[in-house]
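Residue numbers (this note's numbering), protein chains in the order written: chain A, 260 to 422; chain B, 86 to 326. First the structure, in the form of structure tokens, and then the observations on it.
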């Protein structure tokens, strides 16, 4: 079950990394260097090679010229640490990403998942609401919301017979 | 030319509307499929003070209705209610003593529906019986006519995982018959807040049993209400910080 969730989330990261990359590519065709590392890092994260993805993304981050690229890179590193099961580091990177770009819904979404891993469902829910307010259509958000609800809500059925 | 074309188009539209209107009106009028005339073995529920009541209801062709209650193991005298009326496949009558207005949807497979007073709302559900209403206190054996419906196994519905993920809560009331072997048969929903709860409830009813009774011909009416609730777990570490 946990593995299924992890794989599911990793697929969410692919969307995250790829989308950020496309956006950045569209803006940076004449920019040299760093984005190659970011693209390669995103791909490594997508295929589950989190350590290599973190290494490459960190290299790319040092050469990332735009705020959007840096925010996307930090968010991707956050996602990789969350997928590795290290929510504390993940939260740190996501927070850095949000600090430099408040409109980064992926960073809120990824941090929400990290809070979820730590059992901080209230904080996870709060971040998810912010992510949803920025991008209500994101499937990744609905998926994380469902996972939080599974863990944080206690179901019960009350029955009464009338006879 | 333009004006005459406009008139022609308008006339055509008017003709369409005229043709469609009776069809729409016919659609909105439900056709009764149940003949309410006869004697019915009913459960009436939802009153906070009276609790569940079992009664015999007689609906007569002369538009009169009367009711007898099962009290202390005896069938009470028959008491007249108001005349019944049917409109849009809904049977209505009133018990002036209790102030309850009864409504029954005659498109269902059996007699039953809701009752209401100015402040209360409940439901009722009946199975047909061949008992003939008598004007005086009946000496028939009430225990064979209305044997007590005793749960033997009450299965709880599974809370659907999708409903938990979507944080869906809900409410449902299902009414049914119980056969002489104690099996729930012909369940229907008189209230269902979300379709997601239908299958778990039907599965639970199919697993539930009541105590059996000897008369194989008799079906007893029963209803069960369900409330699906989600409560926040208190173990959230966020709140502890």
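We put the beta carbon where it would ideally sit given N, CA and C, even for glycine. These numbers come from a predicted model, not from an experiment.
Are the C-beta atoms of residue 405 of chain A and some chain B residue less than 8 Å apart? yes
Could you give the residue range of the beta strand (DSSP E) that holds residue 186 of chain B? 185-190
Residue 272 of chain B (DSSP reduced to helix, strand or coil): strand
Could you compute how far the alpha carbon of residue 298 of chain B sits from the alpha carbon of residue 383 of chain A? 55 Å
Check residue 253 of chain B in the structure and name its three-state DSSP category. coil
If contacts are defined as beta-carbon pairs under 8 Å, then residue 249 of chain B and residue 409 of chain A qualify, I think. What distance do you get, rounded to the angstrom? 6 Å
Whole angstroms is fine: what's the gap from residue 375 of chain A's alpha carbon to residue 346 of chain A's? 9 Å
Among B:193, B:197, B:162, B:289, whose alpha-carbon lies nearest the alpha-carbon of residue 127 of chain B? B:197
Between residue 265 of chain B and chain A, is any beta-carbon pair separated by less than 8 Å? No, residue 265 of chain B lies away from the interface with chain A (no Cβ there is under 8 Å from its Cβ).
Quick check: what's the CA-CA separation for residue 188 of chain B versus residue 168 of chain B? 13 Å
On the CB-based measure, 16 or more other CB atoms within 10 Å of its CB, does residue 268 of chain A come out buried or exposed? At residue 268 of chain A, the pLDDT of 46 sits below 50, so the modelled position is not reliable and the matter cannot be decided from this model.
Residues of the region 288-314 of chain B with Cβ closer than 9 Å to any Cβ of chain E, in chain order: No chain E is present in this structure, whose protein chains are A and B.
When you compare the CB of residue 398 of chain A with every CB in chain B, is at least one pair closer than 8 Å? Interface residue (Cβ-Cβ distance to chain B less than 8 Å): residue 398 of chain A is not classified as such.
Considering only the beta carbon of each residue, do residue 166 of chain B and residue 186 of chain B sit closer than 8 Å? no
Which one of B:278, B:311, B:267 has the shortest CA to CA distance from residue 300 of chain B? The option with the nearest alpha carbon to residue 300 of chain B is B:267.
Opposite residue 27 of chain B in the DSSP bridges: which residues? This structure does not reach residue 27 of chain B, given that chain B is present from 86 up to 326, and the question cannot be answered.
On the CB-based measure, 16 or more other CB atoms within 10 Å of its CB, does residue 415 of chain A come out buried or exposed? exposed
Grouping DSSP H, G and I as helix and E and B as strand, with all else coil, what is residue 377 of chain A? coil
Are the CB atoms of residue 174 of chain B and residue 192 of chain B within a distance shorter than 8 Å? yes
Any Cβ of chain B within less than 8 Å of the Cβ of residue 371 of chain A? no
Distance, Cα to Cα, residue 312 of chain A vs residue 328 of chain A? 15 Å
On a Cα-Cα basis, can you pick out the residue from B:313, B:134, B:162 that is closest to residue 241 of chain B? Here the closest residue by C-alpha is B:313.
Just to make sure I have the definition right: I need the residues of chain B whose C-beta is within less than 8 Å of the C-beta of residue 412 of chain A. Which are they? Under a criterion of Cβ atoms nearer than 8 Å, the residues of chain B adjacent to residue 412 of chain A are, in order, 249, 252, 315, 316, 317, 318.
Give me the Cβ distance between residue 155 of chain B and residue 140 of chain B, rounded to the nearest whole Å; I'm assuming they're in contact under 8 Å. Residue 140 of chain B and residue 155 of chain B do touch by the CB rule: their CB atoms are close to 7 Å apart, below 8 Å.
Would you verify that the beta carbon of residue 242 of chain B is, or is not, closer than 8 Å to some beta carbon of chain A? yes
With respect to the alpha helix (DSSP H) encompassing residue 322 of chain A, which residues constitute its N-terminal and C-terminal limits? 309-322
Length of the line joining the Cα atoms of residue 96 of chain B and residue 190 of chain B: With a pLDDT of only 44 at residue 96 of chain B, under 50, the local geometry of the prediction cannot be trusted, and the value read off the model is given with reservation. Each residue's alpha carbon lies about 40 Å from the other.
Using a Cβ-Cβ cut-off of 8 Å, state whether residue 128 of chain B counts as contacting chain A. Yes, residue 128 of chain B counts as interfacial toward chain A.
Across the region 377-395 of chain A and the region 285-294 of chain B, are there enough close Cβ pairs to call them in contact, namely three or more that are closer than 8 Å? Under the Cβ criterion (8 Å, minimum of three pairs), the region 377-395 of chain A does not count as touching the region 285-294 of chain B.
The alpha helix (DSSP H) enclosing residue 303 of chain B, as first and last residue numbers: Here residue 303 of chain B belongs to no alpha helix (DSSP H), and DSSP marks it neither H nor E.
Since residue 239 of chain B meets chain A, which of its residues come closer than 8 Å, beta carbon to beta carbon? Result: 418, 420.
When Cβ atoms are compared, which residues of the region 331-357 of chain A fall closer than 8 Å to chain B? Answer in chain order: no residues at all.
Using the beta-carbon of each residue, which ones in chain A are nearer than 7 Å to residue 165 of chain B? None at all; the shortest Cβ gap to chain A is about 25 Å.
Against chain A, does residue 180 of chain B count as a neighbour if the rule is that its beta carbon must be under 8 Å from one of theirs? No - not a single Cβ of chain A is within 8 Å of the one on residue 180 of chain B.
What do you reckon, is the C-beta of residue 371 of chain A under 7 Å from a heavy atom of the ligand PLP? Among the ligands in the structure shown, none appear at all, so the ligand PLP cannot be discussed.
Note down, in chain order, each residue of its chain lying with its Cβ closer than 7 Å to the Cβ of residue 132 of chain B, except the 5 sequence neighbours on either side. Excluding the 5 residues flanking it on each side, residue 132 of chain B has same chain C-beta neighbours closer than 7 Å at 205, 207, in chain order.
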